[in-house]
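K.L.:
Residue numbering for the sequence shown follows the UniProt record's numbering, starting at 1 and increasing by one per position.
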Amino acid sequence: MRSTNKIIRRSALRPTLLLTALTGLLGLLATLLAPAAGAEPDRTGPRGPNVFQGWAFDTCRTPSQSTLAAWKGSKYRGVGVYFGGRGRACPRQPNLTRDWVRAAHRAGWRLLPLYVGSQAPCVVNKHKRKVTIGSDPVQVGTGEAQDAVRRAKALGIAPDSALYLDMEAYNLRDAACTRKTLEYIRAWNRETLRLGYVPGFYSSADSGVRHIERARRAGTRDLPSVMWFARWHSKPNLYGEPEMSASAWRPHRRIHQYAGNVAETHGGRRMVIDRNQVDAPVAVIQ
Numbered sequence: 001m002r003s004t005n006k007i008i009r010r011s012a013l014r015p016t017l018l019l020t021a022l023t024g025l026l027g028l029l030a031t032l033l034a035p036a037a038g039a040e041p042d043r044t045g046p047r048g049p050n051v052f053q054g055w056a057f058d059t060c061r062t063p064s065q066s067t068l069a070a071w072k073g074s075k076y077r078g079v080g081v082y083f084g085g086r087g088r089a090c091p092r093q094p095n096l097t098r099d100w101v102r103a104a105h106r107a108g109w110r111l112l113p114l115y116v117g118s119q120a121p122c123v124v125n126k127h128k129r130k131v132t133i134g135s136d137p138v139q140v141g142t143g144e145a146q147d148a149v150r151r152a153k154a155l156g157i158a159p160d161s162a163l164y165l166d167m168e169a170y171n172l173r174d175a176a177c178t179r180k181t182l183e184y185i186r187a188w189n190r191e192t193l194r195l196g197y198v199p200g201f202y203s204s205a206d207s208g209v210r211h212i213e214r215a216r217r218a219g220t221r222d223l224p225s226v227m228w229f230a231r232w233h234s235k236p237n238l239y240g241e242p243e244m245s246a247s248a249w250r251p252h253r254r255i256h257q258y259a260g261n262v263a264e265t266h267g268g269r270r271m272v273i274d275r276n277q278v279d280a281p282v283a284v285i286q
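Encoded structure:
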């Protein structure tokens, strides 16, 4: 299967300076300056988030390196990792270490760090109701952003990385709940950005994503820089999601989770995963 995964670096997009010279010297100059076959491409230039375009999976527990190696024959080149937050369904992550992050990156995987912090007071999932935001959403959001950045740095996930706040589905008809939830999200975004990271947001298209889109249309500030929306049982469609304006969160600012809790086997290793199409920033690894 031909891979459609692609990494875009800002340095690779810089315009090339044109040299004014005699026509007869241009051919010689190009020959002298051409890199040898297989030479390492230029990595210098302005820092900024690496953008990944392609297919990614996420799973509750970080897979082992041997499982990642077995899955190199799949179409996936991105993997979501649940690196922190009091709301994680799988708080124990024995494989998720700084060495794992470095090895996965060197093996060609691009990482999407997910932080499952406090949840909306009107969260639908009853198992998440023990980790709701509390009475001071700004303080909680700010503190959890600081925790997310500390955990990211401990894993070797550098500034300019995207960190994705996971907010499970909640009841948009509860006005008090949605106000508190939005205050928390905005505080998390502000602090994450202040600390040098890119604030992303994961939620269901029909709840959290709809809520953030309404806030955007109302002119609300401090909203997520990247949107990761879950709409299952559908075809991958990054820029056709009906809950988001076609002109918003682009370019390179969207992830579509189009299927969830599906089993796949590659290289003899089986995992239950969520499937994602990605055109968005990923982790920058130190």
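For every residue, glycine included, the Cβ atom is placed at its ideal position computed from N, Cα and C.
This one's a predicted model, so the numbers in the text were calculated from it and none came from an experiment.
When DSSP builds the beta bridges, which residues end up paired with Trp249?
P.N.:
Trp249 is not bridged to any residue.
K.L.:
I'd like the span of the alpha helix (DSSP H) that includes Trp188, first residue to last.
P.N.:
175 to 194 is the extent of the alpha helix (DSSP H) around Trp188.
K.L.:
Hey, could you find the ends of the alpha helix (DSSP H) Ala148 is sitting in?
P.N.:
First-last of the alpha helix (DSSP H) with Ala148: 137 to 154.
K.L.:
Check whether the Cβ atoms of Asp206 and Glu243 sit closer than 8 Å, and answer yes or no.
P.N.:
Their beta carbons are under 8 Å apart, which means Asp206 touches Glu243 by this criterion.
K.L.:
Three-state secondary structure (DSSP) at Ala158?
P.N.:
Reduced to three states, the DSSP call for Ala158 is coil.
K.L.:
Can you grab the Cα-Cα spacing for the pair Ala246 / Lys75, in whole Å?
P.N.:
Going by the C-alpha atoms only, they are around 27 Å apart.
K.L.:
Quick one, are the C-beta atoms of Gly200 and Leu223 less than 8 Å apart?
P.N.:
Cβ distance not < 8 Å, so Gly200 and Leu223 don't count as in contact.
K.L.:
Beta carbon of Pro236, beta carbon of Gln277: below 8 Å?
P.N.:
Yes.
K.L.:
Taking the alpha carbon of Ala176 as the reference point, which residue from Ser135, Gln139, Lys153 has its own alpha carbon closest?
P.N.:
Of Ser135, Gln139, Lys153, the residue nearest in Cα terms is Ser135.
K.L.:
Taking only the alpha-carbon atoms, compute the straight-line gap between Leu33 and Arg77 and give it to the nearest angstrom.
P.N.:
Low confidence applies here, because Leu33 scores a pLDDT of 30, under 50, leaving its location unreliable; read the following figure in that light. Answer to the nearest angstrom: the Cα atoms are 32 Å apart.
K.L.:
Measuring alpha carbon to alpha carbon, tell me which residue in Ala104, Ala69, Ser64, Gly117 is nearest Ala283.
P.N.:
For Ala283, the nearest C-alpha among the options comes from Ala104.
K.L.:
Which of the three DSSP states, helix, strand or coil, is assigned to Glu213?
P.N.:
Helix.
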